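Written out below as structure tokens is the structure these notes cover.
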Amino acid sequence: MAVENVVIIGSGPAGWSAAIYAARAELRPLVFEGAITEENRINGTLPLGQLNLTTEVENYAGFPAGDLTAYLNAAIEPAARKLMPPHSGHGVSGPELMELMRQQAKNFGARVITDDIVKVDFQRHPFVLTASAGEVTQSQTVIVATGARANYLGLPSEEAYKNRGVSACAVCDGALPRFRNKPLLVIGGGDSAVEESTYLSKFASRVYLVHRRDQLRASKIMAQRAETNPKIEIVWNHVLDEVFGTDADGVTGVVLRGTDGGQTRKLAASGVFLAIGHTPNTAFLEGQLKLTDQNYIKLTTPFRTHTSVEGVFAAGDVADDYYRQAVTSAGAGCMAALDAERWLAAREH
Ligand code: NAP
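Position in the sequence shown (from 1) plus 135 gives the number in our numbering.
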């Protein structure tokens with residue numbers, strides 16, 4: 136079996152940046168971008184990562200507001216471009232940015248397999264990786280860039296109404312007819328909660344942004360957007376206690392509980408969108424790399440992407456519980472490719 140130089144697992148900004156750098160270093164990287172399955176859709180782990188589930192990206196350096204239509208048409212393969220929605224005329228969108236990164240990596244010769252890696256063996260070298268379709272790949276180095284997925288609260292009623300009004304991705308599901316001109320709920324107080332509320336306010340009759348404290352965690356500019364949007368009402372100091380509904384209509388309302396006195400309150404709502412943070416996608420590693428208490432991959436050397444196994448590197452949200460930005464992930468992907476390249480070069484001599 137041929138042994139790869141570099142296998143990259145994941146297809147967010149970290150994965151594609153690593154692929155671009157590794158391809159330009161003539162390492163012929165192989166990218167497992169993830170599988171397109173219903174399970175991945177529900178978990179928010181489809182190819183192209185979290186950014187593919189967002190709207191406008193206003194803070195990725197190099198993409199100021201402007202009409203990118205002509206550029207997108209010129210840069211992306213027509214087959215992929217045809218599947219993308221028309222450009223909004225604002226800055227770049229998350230899905231556009233991800234398609235551009237994927238195309239850029241392919242232009243330099245990165246090979247892409249649309250499947251999940253479900254099992255790894257880092258005890259032997261070359262490392263052995265198994266995809267969900269059963270395909271086995273061997274590689275000298277591996278870059279793990281599998282990112283993180285949205286959290287749910289874990290309430291039984293939330294589970295019961297998943298896909299029938301409960302979602303962790305407003306951008307994926309918000310435009311569905313069931314949510315149009317209806318009151319909707321977003322749970323959380325970070326940038327994601329504000330972004331999702333703002334997005335949903337275009338479709339909903341009203342958006343209740345329910346936060347467990349009396350102050351948003353979101354950045355100031357984002358918080359201001361929620362506070363000044365006439366369709367968004369912030370419900371402070373409350374948590375979601377229960378989702379209720381009917382078989383025919385899905386979600387029809389919620390019970391909220393106050394955090395200061397425990398008093399409950401019912402609200403009519405047709406949708407509940409969770410925006411309460413993320414969990415890193417590290418379960419498939421089955422303990423073969425050292426993880427932090429929160430299950431992020433532990434980087435072993437400051438300012439490097441080395442993990443507890445030599446020759447395995449990690450980049451992006453899977454190893455970052457602190458910055459978690461598209462641009463920092465892209466930077467870390469570049470670092471991982473350079474680290475892998477240097478590690479391979481050192482072994483040759
Ligand atoms: P986050 O910043 O970790 O915020 C999670 C929010 O959910 C917090 O407000 C937290 O409340 C709340 N929460 C957590 N667990 C909860 C629970 N069990 N019940 C109720 N509430 C709960 O996560 P995020 O908003 O997804 O953002 C993640 C990262 O992505 C951040 O670095 C953010 O800046 C970035 N991001 C940026 C943009 C942008 O710039 N356009 C957009 C989206 C995300 P507490 O505040 O009380 O802890």
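No residue lacks a Cβ here, since even glycine has one placed at the ideal position from N, Cα and C. The structure displayed is predicted, hence computed values, not measured ones.
{"Asked": "Per-residue DSSP class, three states only, for N140", "Found": "strand"}
{"Asked": "Per DSSP, the bridge partner or partners of Y343", "Found": "L320, E368"}
{"Asked": "Ligand 1 heavy atom lying under 7 Å from the CB of H413", "Found": "yes"}
{"Asked": "Own chain partners of I248 with C-beta closer than 8 Å, once the 5 adjacent residues on each side are dropped", "Found": "L165, V166, F167, E168, A266, E270"}
{"Asked": "Residues near A245 by beta carbon distance below 6 Å, same chain, minus five either side", "Found": "A154, A158, P164, V166"}
{"Asked": "Contacts around A475, its chain only, beta-carbon distance under 7 Å, and the 5 residues preceding and following it disregarded", "Found": "V141, A157, T276, I278, F448"}
{"Asked": "With 16 other Cβ atoms within 10 Å as the buried cut-off, status of A404", "Found": "buried"}
{"Asked": "Residue range of the unbroken beta strand (DSSP E) whose run includes G309", "Found": "Counting along the chain, G309 falls outside any beta strand (DSSP E), and DSSP gives it neither H nor E."}
{"Asked": "Candidates G147, M136, E139: closest to V462 by CA position", "Found": "G147"}
{"Asked": "Q359 CB to nearest heavy atom of ligand 1 below 7 Å", "Found": "no"}
{"Asked": "Contact check, A285 vs G150, beta carbons under 8 Å", "Found": "no"}
{"Asked": "Inter-residue Cα distance where the pair is L264 and S274", "Found": "8 Å"}
{"Asked": "Q460 Cβ short of 7 Å to ligand 1 heavy atom set", "Found": "yes"}
{"Asked": "Runs of alpha helix (DSSP H) lying entirely within the segment 169–206, each at least 4 residues, in chain order", "Found": "173–178"}
{"Asked": "Euclidean distance between Cα positions of A481 and K425", "Found": "24 Å"}
{"Asked": "Residue environment, M470, which counts as buried when at least 16 other CB atoms sit within 10 Å", "Found": "buried"}
{"Asked": "Alpha carbon of A305 to alpha carbon of Y334, nearest angstrom", "Found": "7 Å"}
{"Asked": "Element boundaries [alpha helix (DSSP H), containing S274]", "Found": "Premise fails: S274 lies in the beta strand (DSSP E), 271–279, not in any alpha helix (DSSP H)."}
{"Asked": "First through last residue of the beta strand (DSSP E) which encompasses R246", "Found": "246–248"}
{"Asked": "Distance between P230 and L183 (C-alpha atoms, nearest Å)", "Found": "8 Å"}
{"Asked": "With 16 other Cβ atoms within 10 Å as the buried cut-off, status of N208", "Found": "exposed"}
{"Asked": "Check: R352 C-beta below 7 Å from any heavy atom of ligand 1", "Found": "yes"}
{"Asked": "Neighbourhood of A200 by C-beta, 7 Å cutoff - its chain only, sequence neighbours within 5 removed", "Found": "H225, G226"}
{"Asked": "F262 in three-state terms, based on DSSP", "Found": "strand"}
{"Asked": "Reduced DSSP category for L351 - H, G, I as helix; E, B as strand; rest coil", "Found": "coil"}
{"Asked": "DSSP-derived helix/strand/coil call for K217", "Found": "helix"}
{"Asked": "Check whether G325 and A353 have beta carbons under 8 Å apart", "Found": "yes"}
{"Asked": "The alpha helix (DSSP H) enclosing T417, as first and last residue numbers", "Found": "Careful: T417 lies outside any alpha helix (DSSP H) and carries neither H nor E."}
{"Asked": "Closest residue to K254 among T417, L473, F438 (Cα-Cα distance)", "Found": "T417"}
{"Asked": "Counted within 10 angstroms of its Cβ, other Cβ atoms place V407 as buried (16 or more) or exposed", "Found": "buried"}
{"Asked": "For A210 and Q185, believed in contact at Cβ under 8 Å, the rounded distance", "Found": "The Cβ separation is near 22 Å, so there is no contact."}
{"Asked": "Buried or exposed by the 16-neighbour rule on C-beta atoms within 10 Å, applied to K355", "Found": "exposed"}
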